[in-house]
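Colleague:
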Amino acid sequence: MVIVGNGMAGHRLAQELRARRPEVRVTLVGEEPRPAYNRVLLSTVLAGTVSADALELADCGARMRLGVRALELDTERRRVTLSDGSVLGYETLVLATGARPVLPRVPGLAADDGGPAPGVSTFRTLADCTLISRLALGGSMAVLGGGLLGVEAARGLAGLGVDVTLVHPVGHLMENQLDPEAGEVLARMLRDLGVRVLLGVGASRWQPSPDEGELVLSDGRAVRCGGVVVTAGVAPVTELARSAGLAVGRGVVVDDRLRTSAPGVYAIGECAEHRGVCHGLVGPCWEQAAVLADVLVGKDTEYTGSRPVVRLKARDVDLAAMGRVPAEPDGDTELVRVSDVTRGRYGVLALRAERLVGAILLGLPDATGPVTQLHDSGSPAPADRFGLLLGTGAAVSETPDKLPERALVCRCNGVTKARLVEAWHAGARDPEALSVLHLGHHRLRQLFGHRAAAVHLAGARGRLTVHGRPGRP
Numbered sequence: 001m002v003i004v005g006n007g008m009a010g011h012r013l014a015q016e017l018r019a020r021r022p023e024v025r026v027t028l029v030g031e032e033p034r035p036a037y038n039r040v041l042l043s044t045v046l047a048g049t050v051s052a053d054a055l056e057l058a059d060c061g062a063r064m065r066l067g068v069r070a071l072e073l074d075t076e077r078r079r080v081t082l083s084d085g086s087v088l089g090y091e092t093l094v095l096a097t098g099a100r101p102v103l104p105r106v107p108g109l110a111a112d113d114g115g116p117a118p119g120v121s122t123f124r125t126l127a128d129c130t131l132i133s134r135l136a137l138g139g140s141m142a143v144l145g146g147g148l149l150g151v152e153a154a155r156g157l158a159g160l161g162v163d164v165t166l167v168h169p170v171g172h173l174m175e176n177q178l179d180p181e182a183g184e185v186l187a188r189m190l191r192d193l194g195v196r197v198l199l200g201v202g203a204s205r206w207q208p209s210p211d212e213g214e215l216v217l218s219d220g221r222a223v224r225c226g227g228v229v230v231t232a233g234v235a236p237v238t239e240l241a242r243s244a245g246l247a248v249g250r251g252v253v254v255d256d257r258l259r260t261s262a263p264g265v266y267a268i269g270e271c272a273e274h275r276g277v278c279h280g281l282v283g284p285c286w287e288q289a290a291v292l293a294d295v296l297v298g299k300d301t302e303y304t305g306s307r308p309v310v311r312l313k314a315r316d317v318d319l320a321a322m323g324r325v326p327a328e329p330d331g332d333t334e335l336v337r338v339s340d341v342t343r344g345r346y347g348v349l350a351l352r353a354e355r356l357v358g359a360i361l362l363g364l365p366d367a368t369g370p371v372t373q374l375h376d377s378g379s380p381a382p383a384d385r386f387g388l389l390l391g392t393g394a395a396v397s398e399t400p401d402k403l404p405e406r407a408l409v410c411r412c413n414g415v416t417k418a419r420l421v422e423a424w425h426a427g428a429r430d431p432e433a434l435s436v437l438h439l440g441h442h443r444l445r446q447l448f449g450h451r452a453a454a455v456h457l458a459g460a461r462g463r464l465t466v467h468g469r470p471g472r473p
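Spelled out as structure tokens, the structure:
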């Protein structure tokens, strides 16, 4: 088997296959020269709170072909040609080519080859983090795009003492996940943390210089800065599939068994388009990896879609958003909302037929876990809606043993309750042993610490207690 793409989806698929059929020979092809790492946590590297090595994922047991690209796919002869001239034959091929950052058509942002111009960086790889850190040495940066990654980048740089201006063309931040009021609360929080937030304005051109460049805005203002971080969305990488004649829409089109239009070729992750949707979050990518692993070992399994949850990874900002929250209640939808703008707290629940269909939680960390589990499980919501929203009382008192086996305990690493219990029964009692949960050793040490760390799971009931250094998870 050949997996094209050594990102989080491709790497997870190799791990899932290894767990089911260790004898299957898997070759992973990746453009980056380094082993796979957790892109979800790039903002923590940029902020200087986690080292790059801490993001490395646990070994997946595959044969690695790193620093090369897949140039040509011959689906009739079942072989793929790589950029170093080598040719790999396959019985099964999986496209996990991911997505690439989009550079807006703003003069000065793109170089002649289509990549970022001098003084410009995207925010997608560890190499990007290195470049951004170097550009930020001048003391000032602009971030273009106020979505999830843009907010994380701006907060990370501000935490390092960099003078940051966040430029967003829409009237409120993270408009794909937040309503206007939540967006305004988030903007106020960022301003209090030292980020200059400019809303409803775009960029018209970038003019680099040896010292400080100038980002000229659509309203005529100019932002002097050492560089620009562009976080303006991504596009699925589909060139290999398209040139091989596979069905391609926005992404590589797949069915419920994640098959493409070519026999023996599958696709997962950000490059895949399932029922018209291309997912850009890691949760759905990992769900697809698990389903495809089952499919490939002969199980009658289908992927029917995901219920993604957005978690902002920025120090001093606790934000989760999931599902869809309508602007106003209607005959079928109940909205429960609390707002405390001055203290940076805002929350709204959207319920239909006693089930949670959407939520926004900002500055309400005690509610995040219970609300997320309700969203994932589809269980009926408790009668005490405000208790659920505020994370208090009987609404959040369920013990962990009542969580469904598929409940995610750690979203950044895709660890479910079932995996945690399985690891416990296999003898895992410390951070090193927990590496079986797809957490790399470096990341475990970062989370649990080297000294006063203990992991305790209270028998088969599934209760986990973690004791670490003060202020750490």
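Residue 258 in the UniProt record's numbering sits at position 258 of the sequence shown, with consecutive numbering throughout. Don't be surprised by glycine CBs; every beta carbon is placed ideally from N, CA and C.
1) Can you give, in chain order, each stretch of the beta strand (DSSP E) that sits fully within the segment 139-209 and has at least 3 residues?
2) If you count every other CB in all the chains shown that lies within 10 Å of the CB of Leu217, and 16 or more means buried, which is it?
3) Between Pro180 and Gly200, what straight-line distance do the alpha-carbon atoms span, to the nearest angstrom?
4) Are there 16 or more other CB atoms within 10 angstroms of the CB of Asn6, so buried, or fewer, so exposed?
5) Spatial neighbours of Pro107 within its chain, please: CB distance less than 6 Å, with the 5 preceding and 5 following residues excluded, ordered by chain position.
6) From Ser121 to Asp128, what distance separates their C-alpha atoms?
7) Assign residue 500 to one of three DSSP states: helix, strand, or coil.
8) Kindly identify the DSSP beta-bridge partner or partners of Gly391.
9) According to DSSP, what are the bridge partners of Pro116?
10) Note down the Cα distance separating Arg34 from Asp53, rounded to an integer number of angstroms.
11) In the DSSP assignment, the alpha helix (DSSP H) including Met322 goes from what residue to what residue?
12) Alpha carbons only, please: which of Ala19, Gly145, Val229 is nearest the one belonging to Pro116?
13) Here's the rule I'm using: 16 or more other beta-carbon atoms within 10 Å means buried, otherwise exposed. How should Ser140 be labelled?
14) Apart from the five residues just before and just after Arg259, which ones in its own chain have a Cβ nearer than 7 Å to its Cβ?
15) Taking the alpha carbon of Val102 as the point to measure from, which residue in Val310, Ala96, Leu95, Gly145 has its own alpha carbon closest?
16) Run through the segment 2-50 for me and flag every whole beta strand (DSSP E) of 3 or more residues, listed as ranges in chain order.
17) So what's Arg100 in DSSP terms, helix, strand or just coil?
18) Just to confirm my understanding: we take Ala14, look at its own chain, exclude 5 residues before and 5 after, and list those with CB closer than 8 Å. What are they?
19) What is the rounded straight-line gap between the Cα of His11 and the Cα of Gly269?
20) Ignore the nearest five residues each way along the sequence and tell me which others in Ala136's own chain have a CB closer than 8 Å to its CB.
21) Name, in chain order, the residues that DSSP records as bridge partners for Leu73.
22) Using a Cβ distance threshold of 8 Å, determine whether the segment 314-324 contacts the segment 359-378, with at least three qualifying pairs required.
23) Buried or exposed: where does His450 fall if 16 or more other Cβ atoms within 10 Å of its Cβ makes it buried?
24) Within 10 angstroms of its Cβ, does Asn38 collect 16 or more other Cβ (buried), or is it exposed?
25) Could you tell me the boundaries of the beta strand (DSSP E) in which Cys271 lies?
26) Helix, strand or coil for Pro236? Go by DSSP, reduced to three states.
27) Quick one: give me the first and last residue of the beta strand (DSSP E) that Val229 is part of.
28) For my contact list, Cys271 and Leu82 are in at a C-beta cut-off of 8 Å; report their separation, rounded to the angstrom.
29) Give me, in chain order, the residues of the same chain whose beta-carbon lies closer than 7 Å to that of Val197; leave out the 5 immediate sequence neighbours on both sides.
30) In the DSSP assignment, what are the bridge partners of residue 475?
31) Could you spell out the range, first to last residue, of the alpha helix (DSSP H) harbouring Glu264?
32) Restricting to Cα atoms, I'd like to know which of Ala111, Gly194, Ala293, Leu281 is closest to Met1.
33) Under 9 Å between the Cβ atoms of Ala241 and Leu88?
34) If we count the other Cβ atoms within 10 Å of its Cβ and call it buried at 16 or more, is Met8 buried or exposed?
35) Determine the DSSP secondary structure at Ala367, reduced to helix, strand or coil.
Modeller: If we stick to the structure as given:
1) 140-144, 163-168, 195-199, 203-207
2) buried
3) 12 Å
4) buried
5) Arg205
6) 6 Å
7) Missing from the structure shown is residue 500; the chain here goes from 1 to 473 and no further.
8) Residue pairing of Gly391 in beta bridges, as defined by DSSP: absent, with no partner found.
9) DSSP lists Ala110 as partners of Pro116.
10) 10 Å
11) For Met322, no alpha helix (DSSP H) encloses it; the enclosing beta strand (DSSP E) starts and ends at 319-323.
12) Val229
13) buried
14) Tyr266
15) Gly145
16) Those beta strand (DSSP E) runs which fall completely within the segment 2-50 and span 3+ residues are 2-4, 27-30.
17) strand
18) Within the same chain, Ala14 has close Cβ partners Ile3, Val26, Leu28, Cys60, Gly61, Ala62.
19) 11 Å
20) Excluding five sequence positions before and after Ala136, the CB atoms of its chain that fall closer than 8 Å to its own CB belong to Leu157, Leu160, Val162, Gly226, Gly227, given in chain order.
21) Val80
22) yes
23) Because the pLDDT of His450 is 36, which lies under 50, any placement of that residue in the model is unreliable, and the number read from its coordinates should be weighed accordingly. Exposed, because fewer than 16 other Cβ atoms sit within 10 Å of the Cβ of His450.
24) buried
25) In this chain, Cys271 is not harboured by any beta strand (DSSP E), its DSSP state being neither H nor E.
26) strand
27) 228-230
28) A Cβ-Cβ separation of about 18 Å leaves Cys271 out of contact with Leu82 under the 8 Å criterion.
29) Leu166, Ala187, Leu190, Arg191
30) This structure cannot speak to residue 475, because the chain is shown only from 1 to 473.
31) According to the sequence displayed, residue 264 carries Gly and not Glu. Premise fails: Gly264 is in no alpha helix (DSSP H) and is neither H nor E.
32) Ala293
33) no
34) So Met8 ends up on the buried side.
35) For Ala367, the three-state secondary structure derived from DSSP is helix.
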